[in-house]
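Enquirer: Provided herewith is a single structure, encoded as structure tokens, for subsequent inquiry.
2 protein chains.
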Amino acid sequence: MSKVLDVIIVGAGSAGLAALREVEKNTANFLIINEGPLGTTCARTGCMPSKALIEAANAFHRRHSFNIFGIRGEDALTIDIPAVLNRVRSLRDFFVSGTLKATNDLGDKHIAGQARLTGPNSLEVNGQHYEAHKIILAPGSSPYIPDDWNLPADRLLTSDNLFEQTDLPGRIAVVGLGAIGLELAQALSRLGIEVHAFGSKPLLGGLSDPKINADLRELLEQEFPVITGEKLSFSASDAGVTISWGDTSLQVDKVLAATGRRPNVKDLGLETLGITLDKRGLPPVNPETLQVADLPLFLTGDANGERALLHEASDEGHIAGINAVTPGGTTFKRRVPLAIVFSDPNIAVVGQAMAKLDASTIVYGSVDYSKQGRARTADRNRGRLTLYADSHNGLLLGAEMCAPAGEHMAHLIALAIEQRLTAHELLRLPFYHPVLEEGLRTALREIVAKVPHGKVSELADCSGLDIPALE
Amino acid sequence: MSKVLDVIIVGAGSAGLAALREVEKNTANFLIINEGPLGTTCARTGCMPSKALIEAANAFHRRHSFNIFGIRGEDALTIDIPAVLNRVRSLRDFFVSGTLKATNDLGDKHIAGQARLTGPNSLEVNGQHYEAHKIILAPGSSPYIPDDWNLPADRLLTSDNLFEQTDLPGRIAVVGLGAIGLELAQALSRLGIEVHAFGSKPLLGGLSDPKINADLRELLEQEFPVITGEKLSFSASDAGVTISWGDTSLQVDKVLAATGRRPNVKDLGLETLGITLDKRGLPPVNPETLQVADLPLFLTGDANGERALLHEASDEGHIAGINAVTPGGTTFKRRVPLAIVFSDPNIAVVGQAMAKLDASTIVYGSVDYSKQGRARTADRNRGRLTLYADSHNGLLLGAEMCAPAGEHMAHLIALAIEQRLTAHELLRLPFYHPVLEEGLRTALREIVAKVPHGKVSELADCSGLDIPALE
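Quick mapping for you: the protein sequence lines, in order, are chains F and D. Each residue of the first sequence is one higher than the one before, counting from 1 in the UniProt record's numbering. Each residue of the second sequence is one higher than the one before, counting from 1 in the UniProt record's numbering.
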């Protein structure tokens, strides 16, 4: 039994590596333990390879606008799926190699193996016992597949193995229409695969605003069938997988499970901590310190079951890393909530989702992108954006959208919310012409018109031409 | 001689119509006089038709990324220039029709004709004399063509007639590489036309940062030749136009003059006001009231020779409209400067341009988009963005860029400057992953590292993985 370590980090993903950065600044007496391949979920199976796939799919899909623009010959375009997947893997390998730099030079401070806590200050890995003043847990999450599916491995895709495929079959069912399912369903469909998409609930892609959701669903259904709220059953045969619901059934070649991700805590030994775990097997975690109960232990990233997003995992590792090596336990303000789905149009939820707001105390401002000038010039005039603001003063509280360039406008709105701006105040921004942000201005003006306001700068209130074509 | 009017507005373009909105709220005793076709410069020959052309050109150009993505058959794509131009006109007509709504129902309050001032309170149009308590001048601007060109009309294109063409020849020289010239040169080149682009100065597209400009020029020169700083001479023949400079010459079919726009003030009668005019023939105008000297007269929009941008023209009409109908003369704060060129990558100058800052009191933060993760997935990894901040405290002062999605990031930076944020403070924004805005974060972090700072939120200072691949 060796000396007591200052810190042990379990998991070398996005959260663990962010913690490592802070720990390394303060001590050399640490260990980082990682099970399975190095490289973060983000780089290896998540954000990055999915974006590479989506960009190829969207570039191919754009041919449907070619005739409108005056570009001829789009019928000759074909997609080479193996080449698409090769490029995805090539980019993925590059992004993964970036994440490996952090652990490359750690020598025996890095251990490959599965760690299991034996108490709040100790754990075992590869049959060895280690003690530490602080332990940071960042074991990540894994795709969850419902127990009753019983599909053979060669019929089942998840984000873990999708990007390993060298080709894709002609018919894929995507089950689960959160961020991952929605992004992949649309990308696969746009790559020419016959996609059927199944969601458990009517609300798609993390939206809570029924009107935005309805617009999104209508757009998606122009591309592929979307079936929600049905109890599905699966049976595999040599010919494929038959999916049945109600009195309908459908045969596909493979099923892509996007039925959520679950924290990797099953074999982590959390039950040895002597504290109550919830139904998911998770202990209580303070989101502003990442501390588990009052223990010298931190649970960060996807594994704590909250904010399973890269930028939040990175913040959580950062916070836990600081708190593991400095006394006192600093409380950190978390960022304005921001979730983006890289569908087309982009889905985004910024600040407080509509469902979390009291409808009696808010006003709405909305823009229909089907009529928006710049969007029309680009043949991208689809979608809607709605802002929610305090009905007393127009303070911006949140937004939901499925809108062209939504990923960019979501950042602009997040900054406005972070700065606690009212709709009036955000109208002081120069809105260039012609830009998609002028649609956001339309929504802001609707709020201003509904909110009582006293003396304001008339220029801030400048309402321009009020001509939809020029918006 | 009829009664004295409250207000006469000269010009029914973007500035004039914005003034009209304010005037109409307060009085029915007004006239609006417009020379030439109705419909704004923006809708008829400017922002909107150029964007329609650019979107078609960029969609066609995207085929060069197809092979990389795994899309085959791009060689079969052709461009149908007459169809492209037809669509441009169709959209243009729609946008123009939007602007006509404002004047449609004015009856004899709207006069078609050329107005000429006879003094600060009076003017003549169509041989009639009118007097008004206040006059708002918004006569707009027109393309300027150097006097010594002497090109026949059928060899000369300007933004006034480009979109009227039913087809385009194979070889076009674009002379002038400001916003208009750059946008059109790239669009025409991307539509398959052999373009030679000529600029008077080495700095292109309104940039003042030599490093951004160098990156931009390198990117442009991969698409078409860019020649700057040469004295050009032109001679037309049946075979085309020969352009000569130094000991080089070149034959093209047409020359597109993008050599700037000049205020339409030549026949406006400004010399009757009894005040000193500058070399351009323009009187002094207060930018915060739009008043001309101390006269009951306002000069707004492109015609005053400042901020020839739609959103500024709209603000100026708005300000003059309010000041023409309310006593006292209200001073308005103008917006954060924002100029965007819709080239690819987008050029933008936000806040204070580099050339306007004292290099000894600022620090720079920059991002090279050739290495940026999301840009790589989209095969749009080109360009650069640089932020300028106060070296004492990191206060954001300005930015220049040629960057993918630059038009969107320019708005985000404009809001940060408007809110007087430091680089530290803007880092509190959630930067989603993977987005192009993460490149902006890279630039912000460079500034933070160069600026002395005291106690700041560590989360605000959160520096994540610091892995370029994940940026």
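We put the beta carbon where it would ideally sit given N, CA and C, even for glycine. Computed from a predicted structure; not experimentally measured.
Would DSSP call Asp-390 of chain D helix, strand or coil?
Expert: DSSP places Asp-390 of chain D in strand when its eight states are reduced to three.
Enquirer: By the criterion of Cβ-Cβ separation under 9 Å, what are the contact partners of His-110 of chain D in chain F?
Expert: By Cβ distance, chain F contributes nothing, its closest Cβ being about 16 Å from His-110 of chain D, past 9 Å.
Enquirer: Does DSSP put Val-4 of chain F in a helix, in a strand, or in coil?
Expert: Three-state result, Val-4 of chain F: coil.
Enquirer: Select from F:Gly-269, F:Leu-31 and F:Leu-203 the residue whose C-alpha is nearest the C-alpha of Gly-321 of chain F.
Expert: The shortest Cα separation from Gly-321 of chain F among F:Gly-269, F:Leu-31 and F:Leu-203 belongs to F:Leu-31.
Enquirer: Which residues of the segment 29-59 of chain F have a Cβ closer than 7 Å to any Cβ of chain D? Give them in chain order.
Expert: Of all residues in the segment 29-59 of chain F, Cys-42, Ala-43, Cys-47, Met-48, Lys-51, Ala-52, Glu-55, Ala-56 and Ala-59 have a Cβ within less than 7 Å of some Cβ in chain D.
Enquirer: Using a Cβ cut-off of 8 Å (strictly closer), state whether Thr-377 of chain F contacts chain D.
Expert: True, the Cβ-Cβ gap to chain D drops below 8 Å.
Enquirer: Looking only at its own chain, which residues have a Cβ that is under 7 Å from the Cβ of Val-88 of chain D, when we skip the five neighbours before and after it?
Expert: Answer for Val-88 of chain D: Pro-49, Ala-52, Leu-53 and Phe-163, listed in chain order.
Enquirer: Strictly below 8 Å CB to CB, what residues from chain F border Ile-68 of chain D?
Expert: Going along chain F in sequence order, the residues near Ile-68 of chain D (Cβ under 8 Å) are Arg-87.
Enquirer: Please go through the segment 2-70 of chain D and give each complete alpha helix (DSSP H) segment of 4 or more residues, from N-terminal end onward.
Expert: For the segment 2-70 of chain D, whole alpha helix (DSSP H) runs of length 4 or above, ordered along the chain, are 14-26, 41-44, 47-61 and 66-69.
Enquirer: Given that Asp-80 of chain D touches chain F, what residues does it touch there, using C-beta distances under 7 Å?
Expert: By Cβ distance, chain F contributes Gly-70 and Arg-72.
Enquirer: Under 8 Å, Cβ to Cβ, is there at least one residue of chain F near Tyr-130 of chain D?
Expert: Chain F, which has no Cβ nearer than 8 Å to the Cβ of Tyr-130 of chain D, makes this no.
Enquirer: When you compare only the Cα positions, how much space is there between Pro-327 of chain F and Ala-132 of chain F?
Expert: Approximately 15 Å, taken between the alpha carbons.
Enquirer: Between which two residues does the beta strand (DSSP E) harbouring Pro-263 of chain F extend?
Expert: Counting along the chain, the beta strand (DSSP E) containing Pro-263 of chain F begins and ends at 261-263.
Enquirer: Should Glu-407 of chain F be flagged as near chain D, meaning a C-beta pair shorter than 8 Å?
Expert: True, the Cβ-Cβ gap to chain D drops below 8 Å.
Enquirer: Could you give the distance in angstroms between the alpha-carbon of Leu-465 of chain D and the alpha-carbon of Leu-310 of chain F?
Expert: Unreliable placement is indicated for Leu-465 of chain D, whose pLDDT of 38 sits below 50; the coordinate value is still reported in the next sentence. Each residue's alpha carbon lies about 11 Å from the other.
Enquirer: Name the residues in the segment 363-374 of chain F whose C-beta lies less than 8 Å from a C-beta of chain D; which are they?
Expert: Residues passing the 8 Å Cβ filter: Gly-373 and Arg-374.
Enquirer: By the criterion of Cβ-Cβ separation under 8 Å, what are the contact partners of Val-336 of chain D in chain F?
Expert: Here the neighbours are Leu-429 and Pro-430.
Enquirer: Just the Cα atoms here: how many angstroms apart are Thr-40 of chain D and Asp-247 of chain F?
Expert: Cα-Cα distance, rounded: 59 Å.
Enquirer: What are the residues of the segment 284-303 of chain D that lie near chain F, defined by any Cβ-Cβ distance shorter than 8 Å?
Expert: Answer set for the segment 284-303 of chain D: empty.
Enquirer: Is the segment 227-241 of chain D in contact with the segment 263-282 of chain D, if contact means three or more CB pairs nearer than 8 Å?
Expert: No, the segment 227-241 of chain D is not in contact with the segment 263-282 of chain D.
Enquirer: Answer with yes or no whether the minimum CB distance from Ser-189 of chain F to chain D is below 8 Å.
Expert: It does not; no Cβ of chain D falls within 8 Å.
Enquirer: Does DSSP classify Leu-177 of chain F as helix, strand or coil?
Expert: It is coil, neither helix nor strand.
Enquirer: Would a check of beta-carbon distances place Pro-434 of chain D closer than 8 Å to chain F?
Expert: Interface residue, yes.
Enquirer: Hey, is Val-7 of chain D's beta-carbon within less than 8 Å of any beta-carbon in chain F?
Expert: No - not a single Cβ of chain F is within 8 Å of the one on Val-7 of chain D.
Enquirer: Counting only Cβ pairs nearer than 7 Å, list the residues of chain C close to Ser-65 of chain F.
Expert: The structure shown contains no chain C; the protein chains it does contain are F and D.
Enquirer: Is it true that the CB of Val-255 of chain D sits closer than 8 Å to the CB of Arg-171 of chain D?
Expert: No, these two residues do not count as a Cβ contact at 8 Å.
Enquirer: By alpha-carbon positions, which one of D:Gly-439, D:Ala-410 and D:Val-4 ends up nearest to Lys-371 of chain D?
Expert: The shortest C-alpha separation from Lys-371 of chain D is found at D:Gly-439.
Enquirer: What residues from the segment 397-427 of chain F come within 9 Å of chain D, judged by C-beta to C-beta, listed N to C?
Expert: Those residues of the segment 397-427 of chain F that come within reach of chain D (Cβ to Cβ, closer than 9 Å) are Ala-405, Glu-407, His-408, Met-409, Ala-410, His-411, Leu-412, Ala-414, Leu-415, Ala-416, Glu-418, Gln-419, Leu-421, Glu-425 and Leu-426.
Enquirer: Using a cut-off of 7 Å between C-beta atoms, extract the partners of Ala-83 of chain D located in chain F.
Expert: Those within 7 Å of Ala-83 of chain D in chain F are Gly-70.
Enquirer: Can you check whether the C-beta of Leu-357 of chain F is within less than 8 Å of a C-beta belonging to chain D?
Expert: Answer no: the Cβ-Cβ gap between Leu-357 of chain F and chain D never drops below 8 Å.
Enquirer: Please name the residue or residues paired with Met-354 of chain F in a DSSP beta bridge.
Expert: Paired residue(s): none; Met-354 of chain F is not in a bridge.
Enquirer: Does His-196 of chain D come out as helix, strand or coil in the three-state DSSP assignment?
Expert: Here His-196 of chain D sits in strand by DSSP.
Enquirer: How many Å lie between Ala-423 of chain F and Leu-412 of chain F at the Cα?
Expert: Ala-423 of chain F and Leu-412 of chain F: Cα-Cα distance of roughly 13 Å.
Enquirer: Which residues in the same chain have their Cβ closer than 7 Å to the Cβ of Ser-343 of chain D, if we skip the five residues on either side of it in sequence?
Expert: These residues qualify, in order along the chain: Leu-182, Glu-183, Gln-186 and Gly-205.
Enquirer: In whole angstroms, give me the CA-to-CA distance for residue 475 of chain D and Thr-45 of chain D.
Expert: Residue 475 of chain D lies beyond the residue range present for chain D, which begins at 1 and ends at 471; the question has no answer from this structure.
Enquirer: Considering Cα atoms alone, identify which of F:Lys-279, F:Gly-305 and F:Ala-12 is closest to Leu-290 of chain F.
Expert: Cα-wise, what sits closest to Leu-290 of chain F is F:Gly-305.
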